[in-house]
Amino acid sequence: SQQGEEDPQALSIQEGENATMNCSYKTSINNLQWYRQNSGRGLVHLILIRSNEREKHSGRLRVTLDTSKKSSSLLITASRAADTASYFCATPDTGGFKTIFGAGTRLFVKA
Amino acid sequence: DTEVTQTPKHLVMGMTNKKSLKCEQHMGHRAMYWYKQKAKKPPELMFVYSYEKLSINESVPSRFSPECPNSSLLNLHLHALQPEDSALYLCASSQVGTQGAGQETQYFGPGTRLLVL
Numbered sequence: 328s329q330q331g332e333e334d335p336q337a338l339s340i341q342e343g344e345n346a347t348m349n350c351s352y353k354t355s356i357n358n359l360q361w362y363r364q365n366s367g368r369g370l371v372h373l374i375l376i377r378s379n380e381r382e383k384h385s386g387r388l389r390v391t392l393d394t395s396k397k398s399s400s401l402l403i404t405a406s407r408a409a410d411t412a413s414y415f416c417a418t419p420d421t422g423g424f425k426t427i428f429g430a431g432t433r434l435f436v437k438a
Numbered sequence: 388d389t390e391v392t393q394t395p396k397h398l399v400m401g402m403t404n405k406k407s408l409k410c411e412q413h414m415g416h417r418a419m420y421w422y423k424q425k426a427k428k429p430p431e432l433m434f435v436y437s438y439e440k441l442s443i444n445e446s447v448p449s450r451f452s453p454e455c456p457n458s459s460l461l462n463l464h465l466h467a468l469q470p471e472d473s474a475l476y477l478c479a480s481s482q483v484g485t486q487g488a489g490q491e492t493q494y495f496g497p498g499t500r501l502l503v504l
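Respectively, the protein sequence lines represent chains A and B. Just add 327 to wherever you are in the first sequence, counting from 1, and you've got my numbering. Just add 387 to wherever you are in the second sequence, counting from 1, and you've got my numbering.
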């Protein structure tokens, strides 16, 4: 089964609102990453948070990591229509040789 | 240059055809990947190359044949595909890292949209 599971599966909000997506994983990790994918395009790396970090910011993005609960959240503040995309969390597998992507959250931001 | 390029952007092929997908990066990355992605699903890993050697094959059918001619290029040769192989094929690259390529940030190409008739 996949390492990372995300919720919600889909999220629809108005421009200007905040969007929060959650990711859970199963094994110990050294880091967790978030990627964005616009429809039918390649994935773009957003942010990496290490296991010894609890929170990280990048522009309008805020990522938290709770290793005790094996979960992470991605918050997008003041969303824009251009934020409409799928968002995936990604974690290394047990051996660290490959990356496992979560099921993804599809975000729709209405103008 | 942080770009990964993929050609072609779109490909339509019959079940008896032979075609190839190409991927190129010039970031000096020594790990390269092929993923398959179906609509509304996450990318599924197919192959990983590390230092131009195949390090992971996720039990992919032999009708998919990867090749890494040099550290910048990655090919995926396709032969006798099935309609269920229609998908977006993504190439990615990353550093290998000291703790495994799975810990590293991956840079993705735009993908090749494949339709098998």
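We put the CB at the ideal spot given by N, CA and C, even for glycine. All figures in this text were calculated on a predicted structure; none of them were measured in a lab.
| said: Against chain B, which members of the region 341-361 of chain A pass a CB distance test of less than 7 Å? | reply: Taking 7 Å as the Cβ-Cβ cut-off, the region 341-361 of chain A approaches chain B at Asn-357, Asn-358 and Gln-360, given in chain order.
| message | Taking 7 Å as the limit between beta carbons, can you name the residues of its chain near Ala-488 of chain B, skipping five residues before and five after? | response | Correct list, in chain order: Ala-418, Val-435, Ser-437 and Ser-481.
| message | Against chain A, does Gly-496 of chain B count as a neighbour if the rule is that its beta carbon must be under 8 Å from one of theirs? | response | Output row for Gly-496 of chain B: interface = yes.
| request: Establish whether the CB of His-384 of chain A and some CB of chain B are separated by less than 8 Å. | output: Contact with chain B is absent for His-384 of chain A, since none of that chain's Cβ atoms lies less than 8 Å from the residue's Cβ.
| task | Please list the segments of the beta strand (DSSP E) lying wholly inside the region 393-434 of chain A, counting only runs of 3 or more residues, in order along the chain. | result | Whole beta strand (DSSP E) segments, 3+ residues: 398-403, 412-419 and 426-428.
| Taking the C-alpha atoms as reference points, what is the distance between Glu-382 of chain A and Ile-376 of chain A? | In a straight line, the C-alpha of Glu-382 of chain A is about 8 Å away from that of Ile-376 of chain A.
| task | Measure the C-alpha to C-alpha separation of Gln-486 of chain B and Arg-387 of chain A and round it to an integer number of angstroms. | result | Their backbone Cα atoms lie some 30 Å apart in a straight line.
| said: Under 8 Å: do the region 346-355 of chain A and the region 363-370 of chain A share three or more Cβ pairs, one atom per stretch? | reply: Flag = no, the region 346-355 of chain A and the region 363-370 of chain A do not touch.
| With 16 as the cutoff for other CB atoms within 10 Å, does His-416 of chain B come out buried or exposed? | Burial is judged here by how many other beta carbons sit within 10 angstroms of a residue's own beta carbon; His-416 of chain B has at least 16 and is buried.
| For Ala-467 of chain B, does the three-state DSSP call read helix, strand or coil? | In the structure shown, Ala-467 of chain B sits in coil (DSSP, three-state: anything other than H, G, I, E or B).
| task | Compare the Cα-Cα distances from Lys-427 of chain B to each of A:Ser-413, A:Asp-334 and A:Leu-373 and report the closest residue. | result | With distances taken between Cα atoms, Lys-427 of chain B lies closest to A:Ser-413.
| query | What did DSSP end up calling Ala-438 of chain A once you bin it into helix, strand or coil? | reply | Coil.
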